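A short worksheet on the structure shown next.
2 protein chains.
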Amino acid sequence: MAGAAAATNGRLRKRVVILGGGFGGLNAARGLAHLPVDVTLVDRKNHHTFQPLLYQVALAVLSPADIAQPIRSILSRQKNTEVLMDEAIGFDLERKLVLLKTGARLEYDYLILATGSTHSYFGKDGWSKLAPGLKTVEDATEIRRRVLLAFELAERQMLETGSHPALNFVIIGGGPTGVELAGAISDIAKLYMARDFRHINPGQAQVVILEGSPHILGAYPDDLQVSARKQLEALGVQLRTNTKVTDVQPGYVMVGDTRIDAVVTLWAAGVQASPLGKLLGVETDKKGCVVVDQYLNPPGHPEIFVCGDLAQVMQDGKQVPGVAQPAMQMGTYAAERIGRLIGASHGSDGTGNSKGFRYFDKGDMATIGRTAAVANIKWPFKAHWSGFPAWLTWLFVHIFFLVGFQNRFFVFWSWAWTYLGEKDGVRLITGSQELPGWETSDGAYGTLTTKPLEAELPAVR
Amino acid sequence: MAGAAAATNGRLRKRVVILGGGFGGLNAARGLAHLPVDVTLVDRKNHHTFQPLLYQVALAVLSPADIAQPIRSILSRQKNTEVLMDEAIGFDLERKLVLLKTGARLEYDYLILATGSTHSYFGKDGWSKLAPGLKTVEDATEIRRRVLLAFELAERQMLETGSHPALNFVIIGGGPTGVELAGAISDIAKLYMARDFRHINPGQAQVVILEGSPHILGAYPDDLQVSARKQLEALGVQLRTNTKVTDVQPGYVMVGDTRIDAVVTLWAAGVQASPLGKLLGVETDKKGCVVVDQYLNPPGHPEIFVCGDLAQVMQDGKQVPGVAQPAMQMGTYAAERIGRLIGASHGSDGTGNSKGFRYFDKGDMATIGRTAAVANIKWPFKAHWSGFPAWLTWLFVHIFFLVGFQNRFFVFWSWAWTYLGEKDGVRLITGSQELPGWETSDGAYGTLTTKPLEAELPAVR
């Protein structure tokens, strides 16, 4: 019934299918709002996640709802657009069909592929359980659970046995995510948790970043790399560059023959493109990114646009980075390009979409703990900022770009309260109480070593 | 080391072990703050949950962190108290020991047992997966996931097949929890979700309450029961009293031979006491509540206090109800009683703790949707209120009692925004996308019926 109606409808107007509700897909959808097209946005999740702030959910400063919003709500007033919670599992490029997991297929005249990237454990998929990465709200709450639980289990073990494993938090990867996680864990331990425990000293927590390359924040200019290193060391974070992890085990990681103990191990190293890129059957690079031309089309497919992390876009001999800004710009570009192709009037951001896509780089920022950051500012002026000024810039840019006014409002206040020390943050442990590396007597991992009840133990306290 | 130190310490001062960080345990701990005792509070969770607002987390108005707070943070400034995240699994009343799951044992001079209650499926434990109840933050997010996912799956199926199962939300149990869930689901469907969907009409969602007894809100006076029924029916909620559920299946429930379809089934019926009551080895009633005397002691154990849902306290021939107020008062009483027993000075709330415990009943309230409620006020004056005045009373009482000022602040604003229609609420679906009752082709439950990709389907739209 609705199917039929929609079908008739579909005959009259071009159909655009957008896969992915991240920065790329959402901006494409918005760009298509006033064009004579029918838009269907498909995402596995019901919500858009503001990934730049995800680490603050992971480290208990913000709640998931502060930085994630239902895609339906964001687009609810956009009448030519519908949202479908489903998953694409294949394509029929001949007949211009997207095959969905639930067995239905979506016809398209234009396809915008913006399904982003996921973690790459370099083929060691067994590591993913032991060292979660940070891409989704679920990842964030899992990381939060593990970090907070480590302190609880240490307190418990200290109380019972008078000792506990060293509170080493090992972060694999020294990019922006690794740096932001490291700063935030160190803050939590030193600032927020210090007064809550009686037997352990959370301030003794040691955060270690293991980076395979010679430098952290490899994409940043040298002076900011140096400054970031100083700021991290000021927070007591230990940096080990040129350090390639060879194994990840419950309770420790191996670097060659060196064992590094870890109550919690986090993954901020490799990423790989969403598998949908390969399913297109066009050329992809080794990360699975789709090689596209200046119009973001795979060669020979002017009706297909690939945006964000999933696209391999070369500019001035370098690949455009897989972060939020380029993804947003690509989404907007794809929408404008479609407007031009169907000969409809369309808004313009001045970049002129008869030309190919060009990434307009305003710069990059990474926070280092509570009040420090590095900012490589390229627009409206060029500057390299560090410390508090960089952090303030970061704060306002992120507040400004956060989807949804009410979220901005709440995030701002959460931060205000947290930084004023009045708010405890969101330190809830939900879900399992198991943590890899804390052995049980039966050899399984999870809780602390249990002692037989029959045994004559000295009672605690 | 710490163990030793604590042990010496323990020789000098009486030790109080509190099991459970709910209203009873938390108030007991606070009452002991200024007594010369060492207090250990043990809870499986790291957080206290403000259960009266849990249904608002379940129905996406509030975030978990708005109504739950780490027990450590709440008690962090209370120097004679330590918090342990662990679980009691047994007692040695002779030697005054609590056995913990992790194998340690806690010595006590006084034991306060306040581990509350859990759902009772009347022996049909298989129902728990199909009809979750509402006791913990995890329960709340699971209910939220199911309710929101039902709309998503219906939209998806409508888009693909032109029809979807009736959006029946069945709530088993017509007590305060059932009534509050019913009102909130009806609100979400009619107010917040209406504009977000293109193919289904969320307003057609039908909420059904199945109550075994002749009346909903059985504990309330007749006039308020009648008023509650009217207010629920005004919201379009269907009430079926004298209706005993005989089976719960994925996608439907059975009442005798009658099948009632249900995309989501929720459990708000029976509760049973925490198993720890029985482990004490003293007399318990059929629900597992510990029979206590006027001092909240099980007969013959003046050193053991049982508080909250777990205690069977008779007063004026009726059992004191298992809600927040009596639990708080019992916790406070137990602390004062201990103060008196050890001959220490102590605060008094005027109830006079040389006398036995007496529940001072200020009344009960239950909300019915967004702006209605029933309030059976007994203090400071007697009144039966309905509708908006009752709801306002409910609002301010709950804001006032919510633990933690920053939470109050955020909850208040969340409500303001939500009720002003400016906030979308917390409509995030996290975790699995499976929902019992939506059959897959392979017969498993979870996603929609999938169609073979080979089959020639009419494409969607």
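Order-wise, the sequence lines are chains A and B. If you're matching positions, the first sequence starts at 348 in our numbering and goes up one per residue. If you're matching positions, the second sequence starts at 348 in our numbering and goes up one per residue. C-beta: ideal position from N, C-alpha, C; glycine also. For clarity, every value in this text was computed on a predicted model and none was experimentally measured.
Are there three or more Cβ pairs, one per stretch, closer than 8 Å when the stretch 522–538 of chain B is compared with the stretch 551–567 of chain B?
yes
Three-way DSSP call (helix, strand, coil) for residue 361 of chain B in this model:
strand
Does the beta-carbon distance from residue 388 of chain A to residue 376 of chain A come in below 7 Å?
yes
Residue 598 of chain A lies in the alpha helix (DSSP H); which residues open and close that run?
No alpha helix (DSSP H) holds residue 598 of chain A; DSSP gives it neither H nor E.
Residues from the stretch 543–571 of chain B in contact with chain A, defined by Cβ distance under 9 Å:
543, 544, 545, 546, 547
Cross-strand partners of residue 665 of chain A (DSSP beta bridge)
A/662
Which residues in the same chain have their Cβ closer than 7 Å to the Cβ of residue 342 of chain B, if we skip the five residues on either side of it in sequence?
This structure gives no information on residue 342 of chain B, because the portion of chain B shown stretches from 348 to 808.
Whole-number beta carbon distance between residue 431 of chain B and residue 650 of chain B, since they are thought to touch under 8 Å:
With a Cβ gap of about 20 Å, residue 650 of chain B and residue 431 of chain B do not count as contacting.
So within the stretch 418–471 of chain A, which uninterrupted alpha helix (DSSP H) runs reach at least 4 residues, ignoring any that extend past its ends?
418–422
Grab me the residues of residue 795 of chain A's own chain with a C-beta within less than 7 Å of its C-beta, minus the 5 sequence neighbours each way, in chain order.
At residue 795 of chain A the pLDDT is 34, less than 50, meaning the model places this residue with poor confidence and gives no usable figure here.
What would DSSP say about residue 409 of chain B, mapped onto helix, strand or coil?
coil
If you drop the 5 nearest sequence neighbours on each side, which residues of the same chain put their C-beta closer than 7 Å to that of residue 722 of chain B?
710, 712, 732, 737, 740, 741
When the Cα atoms are used, what is the spatial distance from residue 661 of chain B to residue 667 of chain B?
6 Å
Cβ atoms of residue 401 of chain B and residue 487 of chain B: under 7 Å apart, would you say?
yes
Chain B residues whose Cβ lies nearer than 9 Å to that of residue 712 of chain A
By Cβ distance, chain B contributes nothing, its closest Cβ being about 26 Å from residue 712 of chain A, past 9 Å.
My output table needs one value for residue 585 of chain B: the three-state DSSP class, helix, strand or coil.
strand
Check whether residue 455 of chain A and residue 443 of chain A have beta carbons under 7 Å apart:
yes
According to a CB-to-CB cut-off of less than 7 Å, which residues of the stretch 412–431 of chain B neighbour chain A?
412, 415, 416, 417, 419, 420, 423, 429, 431
At a CB distance below 9 Å, what residues from the stretch 510–523 of chain A approach chain B? Give them in sequence order.
510
Would you say residue 503 of chain B lies against chain A (beta-carbon separation less than 7 Å)?
yes
Leaving aside the five residues before and after residue 399 of chain A along the sequence, list all residues of the same chain whose C-beta is less than 7 Å from its C-beta, in chain order.
671, 745
Give the C-beta separation of residue 409 of chain A and residue 416 of chain A to the nearest angstrom, bearing in mind that I take them to be a contact with Cβ-Cβ under 8 Å.
That pair is no contact at about 13 Å.
Among A/625, A/623, A/599, A/437, which one has its Cα closest to the Cα of residue 613 of chain A?
A/599
When you check each C-beta in the stretch 382–397 of chain B against every C-beta of chain A, which residues fall closer than 8 Å?
385, 387, 391, 392, 393, 394
Less than 7 Å separating the beta-carbons of residue 617 of chain A and residue 625 of chain A?
no
Between the stretch 754–761 of chain A and the stretch 571–578 of chain A, do at least 3 Cβ pairs fall closer than 8 Å?
no
Can the beta-carbon of residue 584 of chain B be found closer than 7 Å to that of residue 529 of chain B?
yes
What does residue 776 of chain A touch in chain B if you count any residue whose Cβ is under 9 Å from its own?
392, 393, 394, 417, 432
In three-state DSSP terms, what is residue 548 of chain B?
coil
Beta strand (DSSP E) segment containing residue 652 of chain A, residue limits
651–653
Sequence ranges, beta strand (DSSP E) only - wholly within the stretch 614–642 of chain B, length at least 3
618–620
Please report the straight-line C-alpha distance between residue 492 of chain B and residue 482 of chain B, rounded to a whole angstrom.
15 Å
Only counting the same chain, and skipping five residues up and downstream in sequence, which positions put a Cβ closer than 8 Å to that of residue 358 of chain B?
Confidence in residue 358 of chain B is poor, its pLDDT being 49 and thus under 50, which makes the residue's placement too unreliable to answer from.
Would you give the residue range spanned by the beta strand (DSSP E) that residue 712 of chain B belongs to?
710–715
Please report the distance separating the alpha-carbon of residue 360 of chain A from that of residue 735 of chain B.
48 Å
Got a sec? Which residues, its chain only, sit under 8 Å from residue 689 of chain B by beta carbon, not counting five neighbours each side?
361, 382, 383, 384
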